[in-house]
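*Asks:* For the sequence shown, the working numbering assigns the number 413 to the initial residue and increments by one for each residue that follows.
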Amino acid sequence: MQVLTQQELVEVWPWHTNVATTAQLADAGLGDRAITAAIKRGHVLRLRKGAYVRVDYWLRSSPWQRDKLRLVAHILTAGGMPVYSHFSAALLHGLYVWNGGYQIHVTATSSASGSSSPKDVVRHREVLDPVERRKVRIRSGQVVAVTSLERTVIDCACFGTFEQAVIIGDSALRKGANLAIMAARVESMPGRRGVRKARRVLRALDARSESAGETRTRLVIVQMDIPMPSLQVELFVDGYVYRPDFLWEQQRLIVEFDGDTKYFDYRPTSEVLVEERKRERRLMEAGWKFVRFEWKDLANPEGMKRRILAAIGPLQTAVAA
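1) Taking DSSP as the reference, what is the three-state secondary structure of residue 536?
2) Start and end of the alpha helix (DSSP H) containing residue 597?
3) Is the Cβ-Cβ distance between residue 507 and residue 619 less than 8 Å?
4) Please give me, in chain order, every unbroken run of the beta strand (DSSP E) with length at least 3 that falls completely inside the segment 463-518.
5) By Cβ distance below 7 Å, which residues in the same chain neighbour residue 571 in space, the five residues on each side in sequence not counted?
6) Does the distance from the CB of residue 701 to the CB of residue 664 come in under 8 Å?
7) Using only the alpha-carbon positions, how far apart do residue 422 and residue 486 sit?
8) Can you tell me which residues form a DSSP beta bridge with residue 666?
9) Would you check if the distance between the CB atom of residue 476 and the CB atom of residue 576 is smaller than 8 Å?
10) Identify whether residue 647 lies in helix, strand or coil by the three-state DSSP scheme.
11) What first and last residue would you give for the beta strand (DSSP E) that runs through residue 459?
12) Would you give the residue range spanned by the alpha helix (DSSP H) that residue 434 belongs to?
13) Rounded C-beta distance between residue 617 and residue 651? I'm assuming under 8 Å.
14) Can you have a look at residue 656 and say buried or exposed, based on whether 16 or more other CB atoms are within 10 angstroms of its CB?
15) For residue 642, which residues does DSSP report across the bridge?
16) Indicate the three-state DSSP secondary structure (helix, strand or coil) for residue 619 in the structure shown.
17) Would residue 560 pass as a contact of residue 539 if the rule is Cβ separation under 8 Å?
18) What's the gap between the Cα of residue 677 and the Cα of residue 602?
19) Can you list, in chain order, the residues of its chain with a C-beta nearer than 8 Å to that of residue 470? Leave out the 5 residues immediately preceding and following it.
20) If you measure between the beta carbons of residue 558 and residue 501, is that distance less than 8 Å?
21) So what does residue 548 bridge to, in DSSP terms?
22) Could you give the DSSP three-state label for residue 607: helix, strand or coil?
23) Taking 8 Å as the threshold (C-beta atoms), are residue 463 and residue 488 in contact?
24) Whole-angstrom Cβ separation of residue 632 and residue 713, contact assumed at under 8 Å?
25) Is it right to say residue 637 is buried, meaning 16 or more other beta carbons lie within 10 angstroms of its own, or is it exposed?
26) Give the C-beta separation of residue 587 and residue 505 to the nearest angstrom, bearing in mind that I take them to be a contact with Cβ-Cβ under 8 Å.
27) Residue 552 and residue 428 - do their beta-carbons sit closer together than 8 Å?
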């Protein structure tokens, strides 16, 4: 039996999907023995029975992308028509999900969910109103049932942490979720576990947030005894238009979250970094000062607060007076 190299595997892998089923790989000329050999050589990873991903693609995927790959593997191998909900629905809607975990969430009126491997599936027993269901098409072309944007935010708010839910809710608003519908739905759920947290989540949402890191940075700033900054305000400097994440105009202070996704998804890294340095130089020459945060900073909220206070000290004094 011929053992494929990694490059040969890339060339024969079904072009339309990163997660392939046993049947799809067989159609590409990879039978059971070839798949087994590729797994042993470390070129293929089995995500669940009957669903595989190339290891090279897996290794360069972010944690949340890996969660999505596991979800797609479930979709491709599950029987029936499960309704994906909570963090799984958020991923399928294309929302930002932070630390959602590897588990697959489905909502059904009974214990049957169409899952062939219950160990990684969380089943939520709920009755869904027809308006709370949607259908989305994944990259493979398969159509799957999901909870609506509004219902997804509410479920995540009741089930997840406050930060997780606000990140998902901010993202959902940018996708067109209706805040009034969510508020009405929450008020119709008295006594349900997590409903108080859901009300708090809805009060904290802001559609101006453009990433999970921006949302988490905003939640740190909200806890500080200082005026809230302006978000995503346009600045005009030397004929250029800039839109910083957070801005205190009186103190000429800009706070930005520098996540890799913000910079590197659309253009080559070197090009973006050069433009960013030029942008910051123009703003500094115009009298603006910067505080920048990265993913690692989010693990130390108190440190973030100290850095902001150090830069914004005069404003804090004015407020106290």
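The beta carbon of each residue, even a glycine, is placed where N, CA and C say it ideally should be.
Nothing here was measured: the structure is a model prediction, and the numbers come from that model.
*Replies:* With the given structure in hand:
1) strand
2) Going by DSSP, residue 597 is part of the alpha helix (DSSP H) stretching over 591-599.
3) no
4) Taking only runs of at least 3 residues, the beta strand (DSSP E) segments lying wholly in the segment 463-518 are 463-466.
5) 498, 606
6) yes
7) 22 Å
8) Bridge partners of residue 666: 659, 702.
9) no
10) strand
11) 456-460
12) 434-439
13) With a Cβ gap of about 35 Å, residue 617 and residue 651 do not count as contacting.
14) buried
15) 659
16) coil
17) no
18) At residue 677 the pLDDT is 48, less than 50, meaning the model places this residue with poor confidence and gives no usable figure here.
19) 457, 478, 481
20) yes
21) 556
22) Residue state, collapsed to three classes: helix.
23) Yes.
24) With 8 Å as the limit, residue 632 and residue 713 qualify as a contact, their Cβ atoms being about 5 Å apart.
25) exposed
26) 7 Å
27) Yes, Cβ-Cβ distance for residue 428 and residue 552 is below 8 Å.
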